[in-house]
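*Asks:* Just so you know, we're using the UniProt record's numbering here: the sequence shown kicks off at 1 and counts up by one.
Heads up, the beta-carbon is just placed ideally off N, CA and C, and yes, glycines get one too.
Treat the numbers as computed from the prediction; the structure is a model and nothing was measured.
Next up is a structure, given as C-alpha coordinates.
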Amino acid sequence: MSETSTLGRKVLASLRAANPGLSPALGRIGDYVLDGPERVLSQTVTELAEASGSSEASVIRFCREQGFPSFQGFKLALATELASAQPARAEEAGRHALFRIVDRAVDALRQTEDLLDPAAVEAVADRLRAARRVLVFGVGASAITARYAQYKLARVGLQAVAHDDPHMAAMATAALEEGDVALAVSSSGSTLDVVRAATLAKEAGAFLAAITNRTKSPLTALADVVLLASTPETPLTGGALASKISQLVIVDMLFETIADRDPAARDAIRRTAQSVTDRGY
1 MSETSTLGRK VLASLRAANP GLSPALGRIG DYVLDGPERV LSQTVTELAE ASGSSEASVI
61 RFCREQGFPS FQGFKLALAT ELASAQPARA EEAGRHALFR IVDRAVDALR QTEDLLDPAA
121 VEAVADRLRA ARRVLVFGVG ASAITARYAQ YKLARVGLQA VAHDDPHMAA MATAALEEGD
181 VALAVSSSGS TLDVVRAATL AKEAGAFLAA ITNRTKSPLT ALADVVLLAS TPETPLTGGA
241 LASKISQLVI VDMLFETIAD RDPAARDAIR RTAQSVTDRG Y
(Lines of atoms letter the chains of each structure in order from A and count residues from 1; the text may use other names and numbers.)
(Lines give C-alpha, C1' and ligand atoms only; values in the text may rest on other atoms or scores of the structure.)
Protein backbone atom coordinates (compact mmCIF):
# COMPACT_ATOMS: atom_id res chain seq x y z
CA MET A 1 0.00 0.00 0.00
CA SER A 2 1.44 3.39 -0.94
CA GLU A 3 1.75 6.19 1.60
CA THR A 4 -0.57 8.36 -0.51
CA SER A 5 -3.34 5.77 -0.39
CA THR A 6 -3.21 5.60 3.41
CA LEU A 7 -3.81 9.31 4.08
CA GLY A 8 -7.58 8.97 4.31
CA ARG A 9 -7.47 6.19 6.87
CA LYS A 10 -8.62 6.68 10.44
CA VAL A 11 -5.32 5.78 12.06
CA LEU A 12 -6.36 5.97 15.71
CA ALA A 13 -9.60 4.03 15.27
CA SER A 14 -7.79 1.28 13.40
CA LEU A 15 -5.07 1.17 16.04
CA ARG A 16 -7.56 0.91 18.91
CA ALA A 17 -9.13 -2.07 17.21
CA ALA A 18 -5.84 -3.78 16.43
CA ASN A 19 -3.83 -2.97 19.54
CA PRO A 20 -5.11 -5.77 21.82
CA GLY A 21 -3.90 -8.38 19.35
CA LEU A 22 -0.39 -7.00 18.91
CA SER A 23 2.73 -8.57 20.40
CA PRO A 24 3.92 -7.09 23.72
CA ALA A 25 6.62 -4.96 22.04
CA LEU A 26 4.27 -3.58 19.39
CA GLY A 27 1.50 -3.20 21.94
CA ARG A 28 3.69 -0.88 24.02
CA ILE A 29 4.16 1.30 20.96
CA GLY A 30 0.42 1.27 20.27
CA ASP A 31 -0.36 2.23 23.88
CA TYR A 32 2.12 5.09 23.69
CA VAL A 33 0.64 6.41 20.44
CA LEU A 34 -2.94 6.20 21.69
CA ASP A 35 -2.02 7.88 24.99
CA GLY A 36 -0.63 10.98 23.25
CA PRO A 37 -0.75 10.98 19.46
CA GLU A 38 0.23 14.65 19.15
CA ARG A 39 3.65 14.11 20.70
CA VAL A 40 4.46 11.35 18.21
CA LEU A 41 4.26 13.82 15.31
CA SER A 42 7.54 15.52 16.21
CA GLN A 43 9.38 12.42 17.40
CA THR A 44 12.00 10.52 15.48
CA VAL A 45 11.94 6.74 15.20
CA THR A 46 14.71 6.68 17.81
CA GLU A 47 12.75 8.82 20.26
CA LEU A 48 9.54 6.82 19.86
CA ALA A 49 11.42 3.57 20.39
CA GLU A 50 13.03 4.87 23.56
CA ALA A 51 9.85 6.46 24.93
CA SER A 52 7.79 3.30 24.38
CA GLY A 53 10.43 0.91 25.70
CA SER A 54 10.89 -0.81 22.35
CA SER A 55 13.41 -0.75 19.50
CA GLU A 56 13.67 1.10 16.20
CA ALA A 57 13.05 -2.17 14.37
CA SER A 58 9.87 -2.69 16.42
CA VAL A 59 8.64 0.80 15.50
CA ILE A 60 9.13 0.07 11.79
CA ARG A 61 7.39 -3.30 12.17
CA PHE A 62 4.54 -1.60 14.06
CA CYS A 63 4.03 0.90 11.22
CA ARG A 64 4.00 -1.85 8.63
CA GLU A 65 1.46 -3.87 10.59
CA GLN A 66 -0.75 -0.77 10.57
CA GLY A 67 -0.49 -0.68 6.78
CA PHE A 68 2.23 1.94 6.36
CA PRO A 69 5.51 1.29 4.55
CA SER A 70 7.47 3.66 6.80
CA PHE A 71 7.38 5.59 10.06
CA GLN A 72 7.19 8.85 8.11
CA GLY A 73 4.13 7.56 6.25
CA PHE A 74 2.48 6.65 9.55
CA LYS A 75 3.20 10.10 10.98
CA LEU A 76 1.86 11.85 7.89
CA ALA A 77 -1.43 9.97 8.09
CA LEU A 78 -1.65 10.63 11.83
CA ALA A 79 -0.92 14.34 11.35
CA THR A 80 -3.58 14.57 8.64
CA GLU A 81 -6.16 12.94 10.90
CA LEU A 82 -5.35 15.16 13.89
CA ALA A 83 -5.36 18.33 11.76
CA SER A 84 -8.78 17.52 10.31
CA ALA A 85 -10.17 17.11 13.83
CA GLN A 86 -9.10 20.61 14.91
CA PRO A 87 -11.19 23.60 13.81
CA ALA A 88 -9.24 26.49 12.35
CA ARG A 89 -8.33 29.00 15.05
CA ALA A 90 -9.67 32.52 14.69
CA GLU A 91 -7.59 35.65 15.15
CA GLU A 92 -6.19 35.78 18.69
CA ALA A 93 -6.27 38.79 20.99
CA GLY A 94 -7.01 41.17 18.14
CA ARG A 95 -3.86 40.25 16.21
CA HIS A 96 -4.02 39.05 12.64
CA ALA A 97 -3.54 35.31 12.38
CA LEU A 98 -0.59 35.82 10.02
CA PHE A 99 1.45 37.34 12.84
CA ARG A 100 1.55 33.92 14.51
CA ILE A 101 4.26 33.14 11.95
CA VAL A 102 6.36 35.93 13.46
CA ASP A 103 5.61 34.69 16.98
CA ARG A 104 6.72 31.16 16.13
CA ALA A 105 9.93 32.43 14.52
CA VAL A 106 10.81 34.56 17.55
CA ASP A 107 10.02 31.68 19.91
CA ALA A 108 12.23 29.36 17.86
CA LEU A 109 15.17 31.75 18.12
CA ARG A 110 14.77 32.14 21.89
CA GLN A 111 14.47 28.39 22.39
CA THR A 112 17.55 27.81 20.25
CA GLU A 113 19.45 30.23 22.46
CA ASP A 114 18.44 28.13 25.47
CA LEU A 115 19.26 24.78 23.84
CA LEU A 116 22.52 25.54 22.08
CA ASP A 117 25.86 24.91 23.78
CA PRO A 118 28.33 27.70 22.90
CA ALA A 119 31.21 25.26 23.41
CA ALA A 120 29.74 23.03 20.69
CA VAL A 121 29.57 25.96 18.26
CA GLU A 122 33.18 26.87 19.05
CA ALA A 123 34.33 23.27 18.59
CA VAL A 124 32.74 23.03 15.15
CA ALA A 125 34.05 26.47 14.16
CA ASP A 126 37.60 25.44 15.07
CA ARG A 127 37.26 22.23 13.06
CA LEU A 128 36.00 24.19 10.06
CA ARG A 129 38.93 26.62 10.27
CA ALA A 130 41.43 23.76 10.30
CA ALA A 131 39.70 21.55 7.74
CA ARG A 132 41.32 20.46 4.51
CA ARG A 133 37.90 20.11 2.89
CA VAL A 134 34.41 21.06 4.05
CA LEU A 135 31.32 19.31 2.73
CA VAL A 136 27.79 20.41 3.65
CA PHE A 137 24.73 18.38 2.74
CA GLY A 138 20.98 18.41 3.26
CA VAL A 139 17.91 17.57 1.19
CA GLY A 140 14.52 19.20 0.77
CA ALA A 141 14.08 22.30 2.92
CA SER A 142 17.31 21.50 4.79
CA ALA A 143 19.15 22.10 1.51
CA ILE A 144 18.38 25.80 2.05
CA THR A 145 20.46 25.73 5.22
CA ALA A 146 23.22 23.76 3.50
CA ARG A 147 23.47 26.31 0.68
CA TYR A 148 23.44 29.17 3.17
CA ALA A 149 26.28 27.51 5.08
CA GLN A 150 28.29 27.24 1.87
CA TYR A 151 27.73 30.96 1.23
CA LYS A 152 28.67 32.08 4.76
CA LEU A 153 31.76 29.88 4.88
CA ALA A 154 32.89 31.31 1.54
CA ARG A 155 32.66 34.79 3.07
CA VAL A 156 35.30 33.81 5.66
CA GLY A 157 37.53 32.21 3.05
CA LEU A 158 36.58 28.56 3.51
CA GLN A 159 36.00 26.62 0.32
CA ALA A 160 32.96 24.59 1.36
CA VAL A 161 30.86 22.61 -1.09
CA ALA A 162 27.14 22.00 -0.51
CA HIS A 163 25.24 19.07 -2.01
CA ASP A 164 21.47 18.63 -2.10
CA ASP A 165 21.51 15.71 -4.53
CA PRO A 166 21.60 12.46 -2.51
CA HIS A 167 23.86 10.63 -4.96
CA MET A 168 26.34 13.50 -5.15
CA ALA A 169 26.35 13.76 -1.36
CA ALA A 170 27.01 10.04 -1.02
CA MET A 171 29.87 10.08 -3.52
CA ALA A 172 31.42 13.22 -2.05
CA THR A 173 31.27 12.01 1.55
CA ALA A 174 32.70 8.63 0.60
CA ALA A 175 35.76 10.45 -0.77
CA LEU A 176 36.43 12.43 2.42
CA GLU A 177 39.46 11.72 4.58
CA GLU A 178 40.73 12.38 8.08
CA GLY A 179 41.11 16.13 8.52
CA ASP A 180 38.00 16.87 6.47
CA VAL A 181 34.72 18.13 7.94
CA ALA A 182 31.22 17.02 6.99
CA LEU A 183 28.31 19.22 8.11
CA ALA A 184 24.98 17.41 7.89
CA VAL A 185 21.67 19.30 8.03
CA SER A 186 18.41 17.51 8.81
CA SER A 187 15.49 18.80 10.87
CA SER A 188 14.35 15.31 11.84
CA GLY A 189 17.76 13.67 11.90
CA SER A 190 16.06 10.69 10.30
CA THR A 191 16.25 11.56 6.60
CA LEU A 192 17.60 8.41 4.96
CA ASP A 193 19.73 10.19 2.36
CA VAL A 194 21.34 12.48 4.93
CA VAL A 195 21.98 9.67 7.39
CA ARG A 196 23.51 7.59 4.58
CA ALA A 197 25.89 10.41 3.61
CA ALA A 198 26.74 11.01 7.28
CA THR A 199 27.54 7.32 7.72
CA LEU A 200 29.86 7.41 4.72
CA ALA A 201 31.60 10.51 6.09
CA LYS A 202 32.24 8.79 9.41
CA GLU A 203 33.49 5.64 7.72
CA ALA A 204 35.89 7.79 5.68
CA GLY A 205 37.37 9.27 8.87
CA ALA A 206 35.95 12.79 8.56
CA PHE A 207 34.75 14.89 11.49
CA LEU A 208 30.93 14.97 11.43
CA ALA A 209 28.87 17.86 12.76
CA ALA A 210 25.08 17.94 12.60
CA ILE A 211 22.60 20.82 12.56
CA THR A 212 19.27 19.32 13.55
CA ASN A 213 16.08 20.01 15.46
CA ARG A 214 15.99 16.67 17.29
CA THR A 215 18.12 15.57 20.24
CA LYS A 216 17.90 11.83 19.55
CA SER A 217 17.92 10.42 16.05
CA PRO A 218 20.04 8.23 13.77
CA LEU A 219 21.97 11.36 12.73
CA THR A 220 22.75 12.55 16.26
CA ALA A 221 23.94 9.04 17.13
CA LEU A 222 26.56 9.37 14.37
CA ALA A 223 27.64 12.98 14.87
CA ASP A 224 30.80 14.02 16.71
CA VAL A 225 29.11 17.30 17.64
CA VAL A 226 25.40 18.18 17.50
CA LEU A 227 24.26 21.78 17.03
CA LEU A 228 20.68 21.75 18.25
CA ALA A 229 18.08 24.09 16.76
CA SER A 230 14.60 24.52 18.18
CA THR A 231 11.10 23.81 16.88
CA PRO A 232 10.89 20.20 15.69
CA GLU A 233 8.80 19.78 12.56
CA THR A 234 5.79 17.55 12.05
CA PRO A 235 4.95 15.89 8.72
CA LEU A 236 2.57 18.75 7.85
CA THR A 237 4.96 21.57 8.84
CA GLY A 238 8.12 20.35 7.10
CA GLY A 239 10.21 23.30 5.93
CA ALA A 240 8.39 25.78 8.18
CA LEU A 241 10.14 29.11 8.76
CA ALA A 242 10.45 28.60 12.52
CA SER A 243 12.59 25.48 12.18
CA LYS A 244 14.61 26.88 9.29
CA ILE A 245 15.38 30.23 10.91
CA SER A 246 16.79 28.48 13.98
CA GLN A 247 19.10 26.46 11.72
CA LEU A 248 20.19 29.56 9.81
CA VAL A 249 21.09 31.40 13.00
CA ILE A 250 23.38 28.51 13.96
CA VAL A 251 25.17 28.96 10.63
CA ASP A 252 25.56 32.65 11.46
CA MET A 253 26.99 31.72 14.87
CA LEU A 254 29.62 29.56 13.17
CA PHE A 255 30.40 32.43 10.79
CA GLU A 256 30.77 34.97 13.61
CA THR A 257 32.91 32.61 15.72
CA ILE A 258 35.30 31.98 12.84
CA ALA A 259 35.51 35.71 12.06
CA ASP A 260 36.16 36.58 15.72
CA ARG A 261 38.98 34.04 16.04
CA ASP A 262 40.78 34.42 12.73
CA PRO A 263 42.18 37.69 11.30
CA ALA A 264 42.47 35.98 7.90
CA ALA A 265 38.73 35.31 8.01
CA ARG A 266 38.00 38.97 8.67
CA ASP A 267 40.19 39.91 5.73
CA ALA A 268 38.30 37.38 3.58
CA ILE A 269 35.01 39.04 4.54
CA ARG A 270 36.37 42.37 3.29
CA ARG A 271 37.74 40.90 0.07
CA THR A 272 34.63 38.88 -0.76
CA ALA A 273 32.47 41.95 -0.15
CA GLN A 274 34.63 43.99 -2.51
CA SER A 275 34.43 41.28 -5.16
CA VAL A 276 30.75 41.97 -5.79
CA THR A 277 30.51 45.70 -5.14
CA ASP A 278 30.33 46.45 -8.88
CA ARG A 279 27.51 43.98 -9.49
CA GLY A 280 24.70 46.32 -8.48
CA TYR A 281 23.23 49.57 -9.80
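(1) Is DSSP giving Ser230 helix, strand or coil here?
(2) Can you name the residues that DSSP bridges to Ala162?
(3) Beta carbon of Pro222, beta carbon of Lys202: below 8 Å?
(4) What's the C-alpha gap between Gly189 and Tyr281?
(5) Taking the C-alpha atoms as reference points, what is the distance between Thr80 and Asn19?
(6) Using the rule of at least 16 other Cβ atoms within 10 Å of the residue's Cβ for burial, across every protein chain shown, is Arg270 buried or exposed?
(7) With a threshold of 16 other CB atoms inside 10 Å of the CB of Ser2, please say whether the residue is buried or exposed.
(8) Is the CB-CB distance between Val181 and Ala146 below 8 Å?
(9) Looking at the strands, I want to know which residues DSSP matches up with Ile211.
(10) Please name the residue, chosen from Pro166, Leu158, Glu50 and Val40, that lies closest to Gln72 on a Cα-to-Cα basis.
(11) For Lys10 and Glu50, what's the separation of their Cα atoms in angstroms?
(12) Compare the C-alpha of Ala169 against each of Ser54, Gln43, Asp126 and Leu183 and name the closest.
(13) Please classify Lys216: does DSSP put it in a helix, a strand, or coil?
(14) Take the Cβ of Ser84 as the centre, count every other Cβ of all protein chains shown within 10 Å, and call the residue buried at 16 or more, exposed below.
(15) If we ignore side chains and look at the alpha-carbon of each, how far apart do Ala160 and Val249 end up?
(16) On the premise that Ser230 lies in contact with Leu98, defined as a C-beta separation below 8 Å, what is that separation, rounded to the nearest angstrom?
(17) Where does Phe68 fall in DSSP's three states?
(18) Indicate whether at least one CB of chain B lies closer than 8 Å to the CB of Met171.
(19) Under 8 Å: do the stretch 11-30 and the stretch 59-70 share three or more Cβ pairs, one atom per stretch?
(20) Quick check on Thr277: buried or exposed, where buried means 16 or more other Cβ atoms within 10 Å of its Cβ?
(21) Are Ser217 and Ala108 closer than 8 Å when you measure CB to CB?
(22) If you draw a straight line from the alpha carbon of Ala264 to that of Gly157, how long is it in whole angstroms?
(23) Starting from Lys10, trace the alpha helix (DSSP H) both ways and give me its first and last residue.
(24) Determine the direct distance from the alpha carbon of Arg100 to that of Glu91, and round the result to whole angstroms.
(25) Enumerate, from N- to C-terminal direction, the unbroken alpha helix (DSSP H) stretches of 4 or more residues contained entirely within the stretch 30-77.
(26) Under 8 Å, do Leu34 and Phe62 count as touching if we go by C-beta distance?
(27) Identify whether Gly280 lies in helix, strand or coil by the three-state DSSP scheme.
(28) Is Ile211 near Ala125, with beta carbons less than 8 Å apart?
(29) Checking 8 Å against the spacing of the C-beta atoms, do Asp224 and Leu208 come in under that value?
*Replies:* Well, looking at it:
(1) coil
(2) Val136
(3) Strictly speaking, residue 222 in this sequence is Leu, with Pro absent from that position. Against a cut-off of 8 Å, the Cβ pair of Lys202 and Leu222 comes out as a contact.
(4) 42 Å
(5) 21 Å
(6) exposed
(7) For Ser2, the pLDDT reaches just 44, beneath the cut-off of 50, and the residue's location in the model is therefore unreliable, leaving the point undetermined.
(8) no
(9) Val185 and Leu227
(10) Val40
(11) 25 Å
(12) Leu183
(13) coil
(14) exposed
(15) 18 Å
(16) Contact flag wrong, Cβ pair sits at about 21 Å.
(17) coil
(18) Chain labels in this structure do not include chain B; a single protein chain is all it has.
(19) yes
(20) exposed
(21) no
(22) 8 Å
(23) From DSSP, Lys10 is part of no alpha helix (DSSP H); its letter is neither H nor E.
(24) The predicted model places Glu91 with a pLDDT of 47, which falls under 50 and marks its position as unreliable; any figure quoted below should be read in that light. Rounded to the nearest angstrom, the two C-alpha atoms are 9 Å apart.
(25) 37-40, 45-51 and 56-65
(26) no
(27) coil
(28) no
(29) yes
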